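Protein chains in written order, with my numbering: chain U, 130 to 337; chain F, 436 to 805.
A virtual CB, placed ideally from N, CA and C, is assigned to each residue, including glycine.
Nothing here was measured: the structure is a model prediction, and the numbers come from that model.
Here is the structure we will look at, set down as structure tokens.
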């Protein structure tokens with residue numbers, strides 16, 4: 130990877146070096162569809178990374194493909210006042226990921242159960258992974274599996290895709306207040322799950 | 436909920452699967468291939484696709500909604516009234532003089548024949564190969580945003596355009612677009628303010644090769660067309676530039692040929708006469724172009740050509756919805772207007788710093804000279 134895959138918390142459009150911004154490219158793609166390929170080249174890596182974190186690398190490429198097809202077909206409706214297309218694309222990707230919701234939750238549950246992450250680890254890594262798997266990671270996966278889908282989408286857009294609150298609101302088409310309240314709820318649940326594990330670990334330590 | 440303290444990011448969550456690899460674009464062969472296939476498919480249709488009367492080059496938003504407008508029954512009925520148009524040469528008297536003989540009810544054919552006579556009597560510079568056609572215009576088109584709820588929000592956005600097009604298509608041209616802000620539709624929401632850089636420069640690639648026929652859309656191509664209305668009509672219907680029903684496509688193609696172009700007077704006259712033979716056109720007695728100049732328009736399925744009511748010079752185009760459109764408004768909502776302000780022949784392109792210049796793709800690759 131030659132470039133950071135995510136938007137960054139400040140959400141700068143990737144045109145700091147004087148290239149056309151996304152809105153310009155999308156506007157142009159309305160008469161010259163091939164201009165849209167540049168949107169893919171700018172954002173595919175970040176979308177792939179986000180999708181791979183949620184679904185594993187295999188389904189992630191499907192999500193990338195679907196996301197850009199949908200985006201291309203909707204480009205006439207893109208709001209050109211948003212110079213950075215990242216939030217729009219992450220929003221579409223999040224919709225595509227929600228079609229794989231059961232698979233996503235199965236992966237979290239598998240990780241929670243056996244401590245091996247099927248999303249990122251091949252069977253050959255299994256032994257190492259088992260050793261490396263901590264109780265915290267398992268608790269975290271269980272907590273992610275238990276979140277409401279909308280809360281999980283919001284949390285992972287902010288913490289994994291690294292969107293700002295405003296960008297997440299744009300991606301999900303909800304007010305920024307809703308992003309805040311979803312994040313608060315999701316993070317509280319995850320902290321509680323982690324605290325439970327930590328106190329259990331501490332107790333075990335105590336008994337030793 | 437907002438009064439609760441923000442728990443802040445969770446380190447363990449940030450670390451989970453943090454080592455997952457995001458693949459570089461070129462590694463996403465399958466996904467990229469899908470997109471490119473879709474782009475190619477659209478270009479296939481798109482190259483022959485009805486562009487309504489959207490401008491060349493960049494910024495062609497939300498065209499599909501009225502790109503294939505629905506011909507209303509009422510319009511079809513009105514068509515009967517215009518069918519009696521002949522391809523005979525128009526009156527040789529200047530249009531102003533002949534206004535006294537205007538029919539009590541204007542027909543599209545009458546207006547178009549007046550426009551043809553005005554065009555035939557006009558004089559235009561004749562460019563040489565290697566020069567550029569320079570056109571300035573103001574455009575207002577609809578822009579839409581679709582919400583996840585499926586609802587659409589639309590408004591109009593205005594731009595000023597300057598375009599330099601290679602006469603023979605063998606040189607790169609240039610396009611400047613200046614954002615002029617958003618305008619609320621009568622039934623629409625208050626549009627978002629324009630942000631960011633308001634000026635865009637795009638290099639338009641060469642479209643034609645030396646020794647080959649000039650590409651459609653170039654001045655040289657237009658200059659090669661027949662100027663006898665009967666022959667031109669036959670040519671237009673045989674070489675329709677899209678998939679619409681034949682009459683709709685012919686109307687659209689005529690609009691495309693007149694837009695942002697210096698059209699040779701005899702060809703302009705013939706195009707107007709052919710337009711006058713296309714069934715389904717009606718007269719809009721009071722239309723306004725993008726800079727507020729009023730005129731008389733001929734309209735077919737919501738696509739209008741607007742003429743000065745005194746001189747019958749083409750002063751712009753208009754676009755009107757032909758049926759109620761969610762998020763836009765009822766039938767008759769004006770969703771596009773343009774004004775062509777200046778046409779000239781120039782020898783050179785202005786120098787634009789490369790850092791400010793986008794390069795548009797899709798030009799031709801010419802074989803190397805032997």
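May I have the straight-line CA-CA distance separating residue 156 of chain U from residue 293 of chain U, to the nearest angstrom?
Distance between the alpha carbons of residue 156 of chain U and residue 293 of chain U is about 24 Å.
Is there a Cβ of chain U sitting closer than 7 Å to that of residue 799 of chain F, yes or no?
It does not: the Cβ of residue 799 of chain F has no partner Cβ on chain U nearer than 7 Å.
Helix, strand or coil for residue 295 of chain U per DSSP?
In this structure, residue 295 of chain U counts as helix in the three-state DSSP scheme.
At which residues does the beta strand (DSSP E) containing residue 730 of chain F begin and terminate?
Per DSSP, residue 730 of chain F belongs to the beta strand (DSSP E) from 729 to 735.
Taking Cβ to Cβ, would you say residue 238 of chain U is nearer than 7 Å to residue 274 of chain U?
Contact flag set, yes.
Could you name the residues of chain F that residue 153 of chain U contacts, counting a contact when the two beta carbons are closer than 7 Å?
In chain order: 635, 793.
Roughly how many whole angstroms lie between the Cα atoms of residue 328 of chain U and residue 269 of chain U?
One C-alpha to the other measures close to 14 Å.
Using alpha carbons as the reference points, say which of U:289, U:309, U:283, U:306 lies closest to residue 300 of chain U.
Measuring from the Cα of residue 300 of chain U, the nearest candidate turns out to be U:283.
Name the residue from F:647, F:602, F:596, F:624 whose alpha carbon lies nearest to the alpha carbon of residue 636 of chain F.
Of the listed residues, the one whose Cα sits closest to residue 636 of chain F is F:596.
Looking only at DSSP bridge pairs, what is residue 751 of chain F linked to?
DSSP output for residue 751 of chain F lists F:741 as bridge partner(s).
Is it true that the CB of residue 605 of chain F sits closer than 7 Å to the CB of residue 747 of chain F?
In this structure, residue 605 of chain F does not lie closer than 7 Å to residue 747 of chain F by Cβ.
Determine the DSSP secondary structure at residue 322 of chain U, reduced to helix, strand or coil.
Residue 322 of chain U falls in the helix class under three-state DSSP.
Return yes when the Cβ of residue 618 of chain F is within less than 7 Å of the Cβ of residue 564 of chain F, no when it is not.
Taking 7 Å as the Cβ cut-off, residue 564 of chain F and residue 618 of chain F do not qualify as a contacting pair.
Among all the DSSP beta bridges, which residues are the ones paired with residue 579 of chain F?
Partner(s): F:589.
Would you say residue 680 of chain F lies against chain U (beta-carbon separation less than 7 Å)?
Chain U, which has no Cβ nearer than 7 Å to the Cβ of residue 680 of chain F, makes this no.
Are residue 572 of chain F and residue 579 of chain F touching if we call contact CB-CB under 7 Å?
Not a contact, by the Cβ cut-off of 7 Å.
Does any CB atom of chain F fall closer than 7 Å to the CB of residue 194 of chain U?
Yes, residue 194 of chain U lies at the interface with chain F (some Cβ there is under 7 Å from its Cβ).
Using three-state DSSP, classify residue 224 of chain U as helix, strand or coil.
Helix.
Would you list the one or two residues that DSSP bridges to residue 764 of chain F?
In the DSSP output, where bridge partners are listed per residue, residue 764 of chain F has F:760.
Identify each residue in the stretch 162 to 180 of chain U for which the Cβ-Cβ distance to at least one residue of chain F is less than 7 Å, and report them in chain order.
Listed by position along the chain: 162, 163, 164, 165, 166, 169, 170, 173, 174, 175, 177, 178.
Using a Cβ distance threshold of 8 Å, determine whether the stretch 725 to 732 of chain F contacts the stretch 709 to 716 of chain F, with at least three qualifying pairs required.
Short answer: they don't touch.
Do residue 326 of chain U and residue 264 of chain U have their C-beta atoms closer together than 7 Å?
Yes, Cβ-Cβ distance for residue 326 of chain U and residue 264 of chain U is below 7 Å.
Compile a chain-ordered list of the residues in the stretch 736 to 751 of chain F whose CB is closer than 8 Å to at least one CB of chain B.
Considering every chain present, this structure includes no chain B. Its protein chains are U and F.
For residue 688 of chain F, report the span of its alpha helix (DSSP H) as first-last.
Run containing residue 688 of chain F: 681 to 693, per the alpha helix (DSSP H) assignment.
How is residue 803 of chain F classed by DSSP in three states: helix, strand or coil?
Three-state DSSP puts residue 803 of chain F in coil, outside helix and strand.
Under 7 Å between C-beta atoms, does residue 785 of chain F make it to chain U?
No, residue 785 of chain F does not count as interfacial toward chain U.
DSSP has residue 201 of chain U in a bridge; who is on the other side?
Per DSSP, none; premise fails for residue 201 of chain U.
Report the rounded CA-to-CA distance for residue 139 of chain U versus residue 546 of chain F, giving the unit in angstroms.
Since pLDDT at residue 139 of chain U reaches only 36, below the 50 mark, its modelled position is unreliable, and no value is offered.
Within the 7 Å Cβ cut-off, does residue 638 of chain F reach chain U?
False, the Cβ-Cβ gap to chain U never drops below 7 Å.
Just to confirm before moving on: does the CB-CB distance between residue 455 of chain F and residue 181 of chain U stay below 7 Å?
A contact, by the Cβ cut-off of 7 Å.
Locate the beta strand (DSSP E) running through residue 720 of chain F, then write down its first and last residues.
Element bounds for residue 720 of chain F: 717 to 723.
By Cβ distance below 6 Å, which residues in the same chain neighbour residue 592 of chain F in space, the five residues on each side in sequence not counted?
Excluding positions up to five away in sequence, the list reads 578, 617.
From U:175, U:315, U:150, pick the residue whose C-alpha is nearest to that of residue 190 of chain U; which is it?
Cα-wise, what sits closest to residue 190 of chain U is U:175.
Looking only at its own chain, which residues have a Cβ that is under 7 Å from the Cβ of residue 179 of chain U, when we skip the five neighbours before and after it?
These residues qualify, in order along the chain: 219, 222, 289, 290.
Determine which residues share a DSSP beta bridge with residue 791 of chain F and list them.
Paired residues: none, contrary to the question.
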